[in-house]
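Numbering (the UniProt record's numbering), first residue to last: 1 to 469. Note that CB positions come from ideal geometry on N, CA and C, so glycine has one too. Report on the following structure.
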Ligand SMILES: *Cc1c(COP(=O)(O)O)cnc(C)c1O
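Quick look at the structure:
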């Protein structure tokens, strides 16, 4: 018979049976801006961090973002499976590299690149990095043209409509003048008739946006190309187009298949998209593709051999997770063309339905009703005594968890404040109906509790609010 002595083991703080909220780390404040001296049990740390995150908004109710906020369990599993894979290490993880390459060529095909063309491209952290790479290629190509013609390479410029902030960054970081064609009258995107006044021999390219951040409409790429054809005929300037299809690159091929905006147009030399927007991949992946390897100057490509082998790279980052690329590939093969089409069509249908609801509410002027561009709606407040402005409405809806951005249009329409509602994968008709009910309830509330200062506000006081995710 075994002998039993009293165990000498003393319970330490953090042993499995201890209650997390009576442990020292949770009963006292954890230092916020200094590294804590001691460690704490993983469970306690996890609970603390997780609890703090309750104060973040609920991403599914964030109708200001274009980005993925819902994913299948399989995507989450693949992300966990790949958390340790560095996509840059193409010798260690050749299959991840192969999968990245398949995605590039599937997209090139989706965007109607010809088999005869030597298409080239890569993944990025998102459309912003993709835009930097696309812009750099334009700048290098322009420099080469200018040098060949014995012309100055001092003052490059880039012409565009109302662009996402990434192009402002590109221009400033890489020393290019951004010539943003302003909006006038009722315009909601670039007017191709105005391009002529903005381009010259120092124009490295024109950026056309498929899915303008502010208004969700597509810029007319074909008309822009035609305007540039006329300019070429008259002046000899051959100006390339880069399409920023951050959102539209994964919508137009499925919803507007007959719209020519992509490599069907000879002048379109490169295209970027965000995999993590309507590409349905988790956050952290974008794509940039050149029609032909000849459009990507060789001296932008670095050849790295210290991970083994010879690895050509064109990227701003080095190390980066591979999971988003894998998850992108999973979505592409799991959903196929029809799967993407059905998802995007459901979003479009819900956006159009919500647009009808919002129109019926009374106070709003819809300028984009979900037809012809991204699955979204955009509207301003009609003049009148409603007892609120759009910023008040944003605040009131936020009480129910909805995040809907209010912001002024870019110049010259900065006096018009608008709201934009994005409909993405994961926003059901029921969810849209709940939002519509909350909007009606808010309007009703303001009619009996008007906000005193709901006169037009100076737009600058709200300029810190982000509208560009
Ligand atoms: C979102 C967006 C970007 C920036 O893309 P990220 O993937 O967030 O870096 C650029 N251009 C347009 C038109 C966008 O909508």
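{"Query": "Coil, strand or helix - residue 18 by DSSP", "Result": "coil"}
{"Query": "Inter-residue Cα distance where the pair is residue 6 and residue 18", "Result": "21 Å"}
{"Query": "Contact the segment 263–273 vs the segment 111–128: 3+ CB pairs below 8 Å", "Result": "yes"}
{"Query": "Close Cβ partners of residue 286 (< 8 Å) along its chain, the five nearest in sequence each way excluded", "Result": "123, 124, 125, 126, 127, 128, 129, 130, 246, 272, 273, 274, 275, 276"}
{"Query": "Element boundaries [alpha helix (DSSP H), containing residue 130]", "Result": "127–148"}
{"Query": "Residue 369, DSSP secondary structure in three states", "Result": "coil"}
{"Query": "Cross-strand partners of residue 120 (DSSP beta bridge)", "Result": "290"}
{"Query": "Residue 379: first and last residue of the uninterrupted beta strand (DSSP E) it sits in", "Result": "376–381"}
{"Query": "Any non-hydrogen atom of ligand 1 closer than 7 Å to residue 144 Cβ", "Result": "no"}
{"Query": "Burial state of residue 87, where buried means 16 or more other Cβ atoms lie within 10 Å", "Result": "buried"}
{"Query": "C-beta contact flag for residue 113 and residue 291 at 8 Å", "Result": "yes"}
{"Query": "Collapsed DSSP secondary structure at residue 303 in the structure displayed", "Result": "strand"}
{"Query": "Of the residues 346, 214, 190, 217, the one placed nearest residue 206, counting alpha carbons only", "Result": "190"}
{"Query": "Residue nearest to residue 396 in terms of C-alpha spacing, selected from 365, 416, 440, 353", "Result": "440"}
{"Query": "Simplified DSSP state of residue 242, which is helix, strand or coil", "Result": "strand"}
{"Query": "Buried versus exposed, by CB contacts within 10 Å (16 or more), residue 327", "Result": "buried"}
{"Query": "Check whether residue 222 and residue 261 have beta carbons under 8 Å apart", "Result": "yes"}
{"Query": "Best match in 69, 350, 49, 155 for proximity to residue 32 [C-alpha to C-alpha]", "Result": "49"}
{"Query": "Reduced DSSP category for residue 408 - H, G, I as helix; E, B as strand; rest coil", "Result": "strand"}
{"Query": "Under 8 Å between C-beta atoms of residue 158 and residue 168", "Result": "no"}
{"Query": "Expected contact under 8 Å - CB spacing of residue 374 and residue 421 to nearest Å", "Result": "About 11 Å separates the two Cβ atoms, so there is no contact after all."}
{"Query": "CB of residue 108 within 8 Å of CB of residue 325, strictly", "Result": "no"}
{"Query": "Assigned secondary structure, residue 331 (DSSP; H/G/I helix, E/B strand, else coil)", "Result": "helix"}
{"Query": "Best match in 429, 162, 73 for proximity to residue 187 [C-alpha to C-alpha]", "Result": "162"}
{"Query": "Residue 168 CB to nearest heavy atom of ligand 1 below 7 Å", "Result": "no"}
{"Query": "Opening and closing residue of the alpha helix (DSSP H) in which residue 448 lies", "Result": "429–448"}
{"Query": "Residue 409 versus residue 216 - alpha carbon distance", "Result": "12 Å"}
{"Query": "Own chain partners of residue 20 with C-beta closer than 8 Å, once the 5 adjacent residues on each side are dropped", "Result": "26, 43, 44, 47"}
{"Query": "Pairwise C-alpha distance: residue 69 and residue 334", "Result": "18 Å"}
{"Query": "Check: residue 475 C-beta below 7 Å from any heavy atom of ligand 1", "Result": "Lying outside 1 to 469, the shown extent of the chain, residue 475 is not represented and no answer is given."}
{"Query": "Rounded separation between residue 194 and residue 370 - CA only", "Result": "26 Å"}
{"Query": "Close-in-space but distant-in-sequence residues of the same chain around residue 146 (CB under 7 Å, 5 per side omitted)", "Result": "152, 153"}
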